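Below is one structure, written out as C-alpha cells, with a few remarks after it.
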Amino acid sequence: MIREFKFPDIGEGVHEGILLKWHVKVGDRVKAGDPLAEVETDKVNAELPSPYSGKVSELLAAVGGTIHVGQVIIRIEDQSGKVSQEAASEPTVQVVEEENAGVVGALEASSEVIPSSAEGRKNSFTEKEIPQKVLATPVARKMAYDLGLDIRTIKGTGPGGRIMKEDIRRAGESNEKKPAAVAVQETPGTGILPSGSGKIERVPLSMMRKTIAKKMAQSKYTAPHATAMDEADVTELVQFRNKIKERFFADYGVSITFMPFIMKAVCLALKENEKLNSSYDEENQELLLKRFYHLGIAVDTEEGLMVPVIQDVDKKSIFELAKELEDLSGRARMKKLKIEELKGSTFSITNYGAVGSTFGVPVINYPEAAIIGIGKIEKKPVVREDKLVLRYMLPLSLSFDHRIVDGGDAGRFINTLKKYLSDPYKLTLL
Amino acid sequence: MPVFNNIQALNYALMQEMEKDPSIVVFGEDVGYEGGVFRATVDLQAKFGVERCFDTPISESGIVGMAVGMAINGLKPVVELQFCGFTYPAFNQIISHVSRMRNRSRGRYTLPMVIRFPFGGGIRALEHHSESPEALFAHIPGLKVVAPSTPYDTKGLLLAALRDPDPVIFMEPKRIYRAFKQEVPEDDYVIEIGKANIVKEGEDLTIVTWGAMVRDTLKAVEKANEKGIHPEVIDLRTIAPMDRETIIKSVKKTGRILIVQEAVKSFSVASEIIALVNEKAFLHLEAPPARVTAPDIIVPLPRGEQFYMPHPDMIYEKINEVVNFLT
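If you want it as C-alpha cells, here you go:
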C-alpha cells in the first residue's frame, strides 16, 4: 500500500512552513518515528516524524519551497499496493502502533526527545544558598497587609527572627511618626500587583494622599466600626430654609445650605448623648468625655479629602455657622487653610449627599467616637397616619467606635438628631 | 548514547541487571513469551531462558506470594502485575507479608523484591486499568513506592530498586510509556530512592507532582512562564519515603505550594504533602496550599475519561490562583 503523508497541523495556528531539509530520499527505508523532514514555520523549526514504516517512493515538495498544512509531501510504500488517505490531518504527536506496542488501550507514541540528565553519574551537584521568605504566621501577614506594610521590611523579634504581631504594630506606629517614610516600597511582580498582563502606571502618592491613606487605615484598624442608619423627615426644615434662603443671600451675601442646620442639630444631639462626643484612651483604659463641640466637616477637594474644623458650634448661631462654613470650605478647595483649622474636632460630619449618594458607611475621623454621614435629601413616599404621603427624607449613617459606643447609644443619638432635624423651630431657638 | 522511551529504558535496565545478577527472576501474566502486555519484558525469556523469565497463571496473590518465598530464599524476584487495578487481589500478600517480613523476623529476613505495574489513565482502557493507587501503597509501613517519569529516571530507579534489600513497589505511568524519548546511558548509575528531582527551578511557587502529571505540569508552567510566573517544579519520583527535605526547602523559598496528582483528591499523597508543609513550613506560607487532582470518583470509561484527568489548563489556572493570593 502506498501511504500519503500530509504536512500535519502542528498547532499554534501554523498554516504553512518552509521545507528546510529532507532527511530521506527516494528509495530509503524508513521506520515509524524516523524523522522525514525539517520544516521552518513562523513559530518553530519542527521535525516531521514518519507515521509509517516502508520505502520512500516519492518526494512531493522541494527544499526551500513553501508547504501548506494538508498538502501531501511524501509517499511511502509498505507491503500492499493501495493508496491510503488515512493520514489526512494527524498531528505530529501521533497515536501509532509501534513495533512491540501494547495490546490494551491507546498509548501515545512519539520520538520527541526530552533533555538529558546526568544525575547519579558524576558528583557535580552543588548546594545553592536559597534566599528564604520572612517568617510569619498567616495572621501576622494579614495584619501587615491590612496596615499597608510590606512585611519583608519589618524586623522580627520572635523565635528565629519570626515577625510577631507586636513587631508589625510597632512598624505601623513608627511609620506614622515619620510620614516621609510612609511610601511602601513595592517591587514589581510581588504582593499587591496582579500578575496578569496589562500595562500598569505607577503614580507616586501626594503627601496629602499618603496622610489620608494612613489615617483611614489607622482608624479602621484601631476602632472596631459599626454603623447605624436611619432617615430623618426634614420636610419642615426644607420649607423653612426655602423661606429664608433668598432673603439671607440678598441681605448678607451668605447662602444658607442645610449643613449649618445639621451641624446645629448634631451639636444639640451630642449634648444629650455625651458618649458620642468622646475618645477612648486605650493606654489608661478611660473614656475622655469632651465638654466642647468642635465639628469636623469633610470637604471633597481636588487633592482629596480635607476636614476643616468649626470650633464651638454650640456657641454660634446658624447664620454664623453658615458664614464660617462657606469661608472654610472655600479656602479648603484653594488649599489655603491653616494647620490649626484642620485640628481639634470632637465629632465629624461627611456629606456624600452633595455628590448624589444616599447611604454610605463613613470611616471615623479617629480618635473621635463617631462620624455622621449625610445623604441626599429626596422626596419619598412615606406612611403618616395610615396614609401614603410625600415627605423630604434625609438619609443618615452613623459609624461609631464600638469599643466605647454601643448600638443603643447610637440609636438614641440618631433619634435625638431626628427630633431636631424635623423641627426647625426647636433647632433655631434652642 | 542510546535514546529510549520509558518502556524501552525499563527493558534495557532489566536486561543489563539480569546479566549482572543471576539471582534476578522476572515473572507475571504474559511476561515471558509475549514480553508483557506493554512489552516491558520483551526478549528477556529468549535471552535468559524460561527459568529466569516466565509466565504465571492469572493469580496476583499467587504471583506475589511466590515472590515472597523466593526472596526469603535468596532470589531477587521482579514481578509484573498487569495493571494497577489488578494489584488488589495481591493486597493480602503485600500487606500481611511483603511489607513486614523484616519486622516479623526481627531483621533476620528481608525481602529484596520489586513489584512492577503500570498505573494511571488516559489511554482509553477498561475498568480497573486506569487508577492511580499510590496512596494505598504509600500508606503501608515497610514498603517503598517509586514512580519515575522519564527514561533516565526509569533506569536509575529500577536499578536502585533491584539493589534494594527491601521490597519496592515500582509504579509506571503507562500513558507516557512511549510518549517521548531521552538519552539513557549504557553505564551503571542509580537514582537514589527517596530523592525528588527539581525539574525546573523557580521562585514564585512550588509545584510537586509525579508520574504522567510531570509532563502536563510542565506544559502549564511553560504557559505561566510566558506571563512572567516562574514556578519551581519538583518531580517527586519516590512517593515513599517522601523527600520531605526537598519539598520543605523549596516551599521556604517560594512561600506557596501546589500539588498536581492524577489520583483522586481525598486522603491522597497531595493531602499528605499539604500536612507536611503545614507542619514544617507554616511560617513561610503566603497562600493556602492548593492541589489539582482527579475528582473523588471511580475512573470513568473512555468516553468520560477526559473530564476526569487533570488537564494543563486546570493546572495553569490553579497556578494563577495560588500566585495571586495576596498576603
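If you're matching them up, the sequences are chains A and B in order. Under UniProt numbering, the first residue of the first sequence is numbered 1, with each subsequent residue one higher. Under UniProt numbering, the first residue of the second sequence is numbered 1, with each subsequent residue one higher. Where is the CB? At the ideal position from N, CA and C, for every residue including glycine. The model shown is predicted, which means the values in this text are computed figures rather than measured ones.
| Which residue's Cα is closest to the Cα of B/R237: B/E192, B/I58 and B/T254? | B/E192
| 3-residue-minimum beta strand (DSSP E) runs that sit fully inside the segment 198-269 of chain B, ordered along the chain | Segments of the beta strand (DSSP E) lying fully in the segment 198-269 of chain B: 205-209, 231-235, 238-240 and 257-264.
| query | For A/P424, which of helix, strand or coil comes out of DSSP? | reply | helix
| request: Report the neighbours of A/V104 on chain B: residues whose CB is nearer than 7 angstroms to its CB, in chain order. | output: V37, A125 and H129
| How long is the line joining the alpha carbons of A/A183 and A/M216, rounded to whole angstroms? | The predicted model places A/A183 with a pLDDT of 42, which falls under 50 and marks its position as unreliable; any figure quoted below should be read in that light. If you draw a straight line from the Cα of A/A183 to the Cα of A/M216, it is about 15 angstroms long.
| query | When DSSP labels each residue in this structure, what does B/Q93 get in the three-state scheme? | reply | helix
| query | Sorted by chain position, which residues of the same chain lie with C-beta nearer than 6 angstroms to A/E4's C-beta, five sequence neighbours on each side aside? | reply | V72 and R75
| request: Measuring only between beta-carbons, confirm whether B/P185 sits less than 8 angstroms from chain A. | output: Put simply, the CB of B/P185 is near chain A, with a gap under 8 angstroms to one of its CB atoms.
| Do we get a CB-CB distance below 8 angstroms when we pair A/L107 with the residues of chain B? | yes
| field | Cβ neighbours of B/F86 in the same chain (closer than 7 angstroms, five flanking residues each side left out) | value | E60 and H128
| said: Rounded to the nearest angstrom, what separates A/T66 and A/P35 at their Cα positions? | reply: Roughly 19 angstroms separates the two Cα atoms.
| beta strand (DSSP E) runs wholly inside the segment 139-209 of chain B, at least 3 long, in chain order | DSSP runs (the beta strand (DSSP E)) wholly in the segment 139-209 of chain B: 144-146, 168-173, 181-183, 197-200 and 205-209.
| message | Does A/L60 pass the burial test, meaning 16 or more other C-beta atoms within 10 Å, or should it be called exposed? | response | Classification for A/L60: exposed.
| field | Rounded C-alpha distance that separates B/M213 from B/Y177 | value | 13 angstroms
| query | Residues of chain A with CB under 9 angstroms from B/I234, in chain order? | reply | Within chain A, no residue comes near B/I234; the closest Cβ sits about 14 angstroms away, beyond 9 angstroms.
| query | Taking Cβ positions only, does B/P89 come closer than 8 angstroms to chain A? | reply | no
| field | Three-state class that DSSP yields for B/E272 in the structure shown | value | helix
| query | Are the C-beta of A/K133 and some C-beta of chain B separated by less than 8 angstroms? | reply | yes
| message | When you compare the CB of A/S116 with every CB in chain B, is at least one pair closer than 8 angstroms? | response | At least one chain B Cβ lies under 8 angstroms of A/S116.
| Exposure label - A/L417; buried when at least 16 CB within 10 Å | buried
| request: Output the distance between the C-alpha atoms of B/E262 and B/D313, rounded to the nearest integer angstrom. | output: 14 angstroms
| request: Put A/M393 into one of helix, strand or coil per three-state DSSP. | output: strand
| task | Run through the segment 288-322 of chain B for me and flag every whole alpha helix (DSSP H) of 4 or more residues, listed as ranges in chain order. | result | 302-308
| Buried or exposed by the 16-neighbour rule on C-beta atoms within 10 Å, applied to A/F249 | exposed
| Cβ-based burial, A/R141 [other Cβ within 10 Å; buried from 16] | buried
| request: Determine contact between the segment 10-20 of chain B and the segment 153-161 of chain B, defined as no fewer than three beta-carbon pairs at a distance below 8 angstroms. | output: Cβ pair count under 8 angstroms is three or more, so yes.
| Status (buried if at least 16 other CB within 10 Å, exposed otherwise) for B/R256 | Buried, because 16 or more other Cβ atoms sit within 10 Å of the Cβ of B/R256.
| field | A/K343, DSSP secondary structure in three states | value | coil
| request: Report the partner residues of residue 441 of chain A according to the DSSP bridge assignment. | output: The structure shown does not extend to residue 441 of chain A, since chain A spans only 1 to 430, so no value can be given for it.
| How long is the line joining the alpha carbons of B/I229 and B/E203, rounded to whole angstroms? | 9 angstroms
| query | When DSSP labels each residue in this structure, what does B/N73 get in the three-state scheme? | reply | Note: B/N73 maps to coil in three-state DSSP.
| Nonlocal neighbours in the same chain, by C-beta distance under 7 angstroms from A/I414, ignoring five residues either side | Once the five neighbours on either side are set aside, the close Cβ partners of A/I414 are A228, D230, L396 and L398.
| query | Which first and last residues belong to the beta strand (DSSP E) in which A/T66 is found? | reply | For A/T66, the enclosing beta strand (DSSP E) stretches over residues T66 to H68.
| task | Could you tell me which chain B residues have their CB closer than 8 angstroms to the CB of A/G120, listed as they occur along the chain? | result | Neighbours of A/G120 on chain B, chain order: G156, Y189, V190, I191 and E192.
| query | Buried or exposed: where does A/M207 fall if 16 or more other Cβ atoms within 10 Å of its Cβ makes it buried? | reply | exposed
| field | Element boundaries [alpha helix (DSSP H), containing B/I115] | value | It is not in any alpha helix (DSSP H) - B/I115 instead sits in the beta strand (DSSP E) that spans V114 to F119.
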